[in-house]
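All remarks here apply to the structure that follows.
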Amino acid sequence: MSASYLDAITVRRSNYALTNKSSVSDEKLQNIIKHAVKHCPTPFNSQTSRVILVTGATHIKLWEAVIGALLPMIPEGNTWTHFAGLLDLHKGGYGSVMFFEDQAIVDGIIQKQPFVANQFPDWNKNAAGILHATIWTAFSLEGLAATLQHPPLTAEMIAGLNLGFDVPSTWKSTAILPFGDPAAPPKEKTFSPVEDRFKVAKS
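Taking UniProt numbering, the leading residue of the sequence shown gets 1, the next gets one more, and so forth.
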């Protein structure tokens, strides 16, 4: 029974070659995201994850804001050219999934349960990662190309998108998933020996 799930995570790959088209309807994209947000686990069932789907002009504005904020931080030269090219690829996609965690809920749980204060932020990051991977994998199964990015995203940048609704200041950005129909297959992936990364202890 697990084979289909393992096959699915094998399909999920980083593919930077995005087009500004999507063979998957916006309605289906929304349904995938809503299903993942509803069913992905969170510590203490805290349901802290928040997601915004942006497409079209709003997607472009998002990446223009990221480019404007990030490129000045990178020294000029080969590194700058490399990252500028990658950011343009993200901007050239069909849309982006913006991931957040509601810090107000996280802080509230820590206040009520101070004995988990040191551990809960890590548990929350684990939950965010599960959601990232779930939506990314589902998009990959639909034939979409995507990569998971972690650019700086400020409240001012979000406000500049004019989303038509308020994004609470307590929503902390965790990642952005730019996506689109693939312009090319992903590059070949190499692996270090699994035996070096997995051990079994028998009693």
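Ideal Cβ positions, reconstructed from N, Cα and C, are used throughout, including at glycine.
Residue i to residue j, Cα distance in whole Å?
i, j, result
"Thr154", "Val200", "44 Å"
"Ala20", "Gln111", "In the sequence as displayed, the identity of residue 20 is Asn instead of Ala. Distance between the alpha carbons of Asn20 and Gln111: 44 Å."
"Val54", "Lys91", "12 Å"
"Ser173", "Ala128", "10 Å"
"Arg13", "Ser25", "21 Å"
"Ala3", "Asn126", "23 Å"
"Leu29", "Pro168", "23 Å"
"Ser192", "Val116", "35 Å"
"Gly56", "Met98", "14 Å"
"Gln103", "Ser203", "42 Å"
"Lys38", "Glu76", "43 Å"
"Gln119", "Gln113", "11 Å"
"Val51", "Asp166", "13 Å"
"Asn15", "Trp136", "11 Å"
"Ala84", "Ala184", "19 Å"
"Met1", "His82", "42 Å"
"Glu78", "Ile67", "The question names Glu, but residue 78 is Asn in the sequence shown. Roughly 16 Å between the two C-alpha positions."
"Thr190", "Tyr5", "21 Å"
"Leu34", "Met157", "According to the sequence as given, residue 34 is Lys; it is not Leu. Approximately 24 Å between the Cα atoms of the pair."
Among residues of its own chain, excluding the 5 on either side of residue i, which ones have a beta-carbon nearer than 7 Å to its beta-carbon?
i, result
"Asn124", "Pro43, Thr48, Glu101, Val106"
"Leu141", "Ala8, Val11"
"Pro152", "Ala69, Leu70"
"Gln149", "His90, Ala175, Ile176, Pro178"
"Lys46", "According to the sequence displayed, residue 46 carries Ser and not Lys. Once the five neighbours on either side are set aside, the close Cβ partners of Ser46 are Ile105, Ile109."
"Leu86", "Tyr16"
"Trp171", "Arg50, Phe100, Asp102"
With 16 as the cutoff for other CB atoms within 10 Å, does residue i come out buried or exposed?
i, result
"Arg197", "exposed"
"Met73", "exposed"
"Phe179", "buried"
"Thr147", "buried"
"Ala159", "exposed"
Leaving aside the five residues before and after residue i along the sequence, list all residues of the same chain whose C-beta is less than 6 Å from its C-beta, in chain order.
i, result
"His59", "Gly95, Ser96"
"Thr134", "Ala36, Cys40"
"Ile130", "Cys40"
"Phe139", "Ala146, Phe179"
"Pro186", "Arg13, Asn15"
Excluding the five sequence neighbours on either side, which residues of its own chain have a C-beta within less than 8 Å of the C-beta of residue i, listed in chain order?
i, result
"Leu161", "Val54, Thr58, Lys61, Leu62, Ala65"
"Asp181", "Leu18, Thr19, Lys21, Ser22, Ser23, Tyr94, Gly143, Leu144, Ala145"
"Trp80", "Leu71, Ile74"
"His132", "Phe99, Leu148, Thr174, Ala175, Leu177"
"Asn31", "none"
Grab the span of the alpha helix (DSSP H) containing residue i for me, first residue to last.
i, result
"Gly108", "103-112"
"Thr134", "120-141"
"Ile9", "3-11"
"Leu86", "78-91"
Note the first and the last residue of the continuous beta strand (DSSP E) segment covering residue i.
i, result
"Val37", "That residue, Val37, is in no beta strand (DSSP E); its alpha helix (DSSP H) goes 26-39."
"Thr55", "49-55"
Please specify which runs of the alpha helix (DSSP H), each continuous and at least 4 residues long, are wholly inside the segment 148-186, giving them in chain order. 155-159
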